[in-house]
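Position 53, counted from 1, in the sequence shown is what our numbering calls 53; the numbers after and before it change by one each time, with no gaps. By construction, the Cβ of each residue, glycine as well, lies at the ideal position given by its N, Cα and C atoms. Computed from a prediction, not measured in an experiment: that's the story for all the values here. Contents: one structure, followed by commentary.
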Amino acid sequence: MSLALPEAEAPVRAADLAARAKINLALHVVGRRADGYHLLDSLVAFAEIGDRLALEPAAGEADELELDGPFAAAVPAGADNLVLRALAAAREVASQAHLDLPAARIRLIKRLPPASGIGGGSADAAALLAHVAAWHPALRAPLRQAGLRLGADVPMCFDGVPARVFGIGEAGKPVAVLPAAPTVLVNCGTPVSTPDVFRRLARRDHPPLPPLPVRGFPDVGALATWLAPTRNDLEAAAVELVPAIAEGVADLCEAGALFARMSGSGATVFGLFADDETSARAARDLAERHPGWWVAQTRLSSLS
């Protein structure tokens, strides 16, 4: 028998949710499962910039989705949208606990470019699932597991903390300390197909990341030093598909980044800077040099 919760206890209530951009600071491909999924060892952080979800109870019995923001036209508005899929998954998990998840009206503000290696859709789905989990902590584990069925990035976005991530993305160990490093994100505007990138890999058995510092990273300089010998094993394959990725990395370095690299499977690249003034100047310079590119000044979230 289902239990319809009163509005004050309903798992989906009026809320304004942040879906922060995910950044793979380092990403090593260390193996491949029998089912074809690649095994990763990745240092993941989150930026302060991201999409936003505004939730409120729906007027009727059906879920509603409104898309807004600069990249609204680039994402599906129907049942294929990851937020609606996450809501359906959350409703299934809730029903198994004999809870009714009421219909919701969702306004999704898309500020992150799609198919760009910074987890936009995954972060949106994870924000919805985490919101439900916040009201019903007993559902947290099954909601996180449901997220994995939506995409390998969803569990790490669900956790939302800097972490070293293993497996296909479902396992993670939080980082003790991560600096709120000034960061510039750059995307040339060309979507990158993750399956196409993985198909182009020359090898899939790279060594894992080196050990993380026990006390974490006290400042951006320490983080950049640790990142220097690491890799993104997807970058070379992505550059073959979109050469402008390499241009973005070079431009960030030229603009004063302490470290720059592609995130995920691309095409977004990030640069870490010593201070906000330098990162702001770099963002202005890159936006002027590439008027058709997406350039965003932000900071790494220090939440852990």
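Worksheet item: Since Met-156 contacts Gly-172 with CB under 8 Å, what's their CB separation in whole angstroms?
Response: Between Gly-172 and Met-156 the Cβ distance is about 6 Å, and since that is below 8 Å, they are a contact.
Practice prompt. Leaving aside the five residues before and after Ala-133 along the sequence, list all residues of the same chain whose C-beta is less than 7 Å from its C-beta, in chain order.
Written response: Cβ neighbours of Ala-133 beyond the five flanking positions: Leu-139, Arg-140, Leu-143.
Worksheet item: Apart from the five residues on each side of it in sequence, which residues of its chain come closer than 8 Å, Cβ to Cβ, to Leu-129?
Response: Closer than 8 Å at Cβ, skipping near neighbours: Ala-86, Ala-89, Ala-90, Leu-143, Arg-144, Ala-146, Gly-147, Val-154, Phe-158.
Worksheet item: What is the DSSP secondary structure of Asp-16, counted as helix, strand or coil?
Response: It is a strand residue.
Worksheet entry | His-131 (DSSP reduced to helix, strand or coil) | Collapsing the DSSP output to three states places His-131 in a helix.
Practice prompt. Compute the distance between the beta-carbons of Leu-43 and Arg-164, then report whether it is under 8 Å.
Written response: Yes, the pair counts as a contact, with Cβ atoms nearer than the cut-off.
Item to complete: Using the DSSP secondary-structure output, state which residues sit across from Leu-27 in a beta bridge.
Response: Beta-bridge partners of Leu-27 (DSSP): Ser-42, Asn-232.
Fill in: Separation of Ala-59 from Pro-218, as counted between CA atoms
For Pro-218 and Ala-59, the distance between alpha carbons rounds to 49 Å.
Worksheet item: For Glu-92, which residues from the same chain have a beta carbon less than 8 Å from its beta carbon, with the 5 sequence-adjacent residues on both sides left out?
Response: Cβ within range, chain order: Ala-146.
Worksheet item: Do the region 284-294 and the region 245-264 make contact, defined as three or more Cβ pairs closer than 8 Å?
Response: The region 284-294, when compared against the region 245-264, does touch it at the 8 Å Cβ threshold.
Practice prompt. Report back the beta-carbon spacing between Val-192 and Gly-248 to the nearest angstrom; my notes put them in contact at under 8 Å.
Written response: Not confirmed; about 12 Å, so no contact.
Worksheet item: What distance in whole Å lies between the Cβ atoms of Pro-57 and Ala-104, which are believed to be in contact at a cut-off of 8 Å?
Response: Contact between Ala-104 and Pro-57 is confirmed by a C-beta separation of about 6 Å, below the 8 Å threshold.
Worksheet item: Would you say Thr-230 reaches chain B, if we count a Cβ-Cβ gap shorter than 8 Å as a contact?
Response: Although the question refers to chain B, the structure presented lacks it and comprises just one protein chain.
Worksheet item: What is the C-beta distance between Val-177 and Phe-273, in whole angstroms, given that I count them as a contact (C-beta under 8 Å)?
Response: Actually they do not touch by this definition, with Cβ atoms about 19 Å apart.
Item to complete: Starting from Ala-146, trace the beta strand (DSSP E) both ways and give me its first and last residue.
Response: Ala-146 -> not in any beta strand (DSSP E); alpha helix (DSSP H) instead, spanning 140-150.
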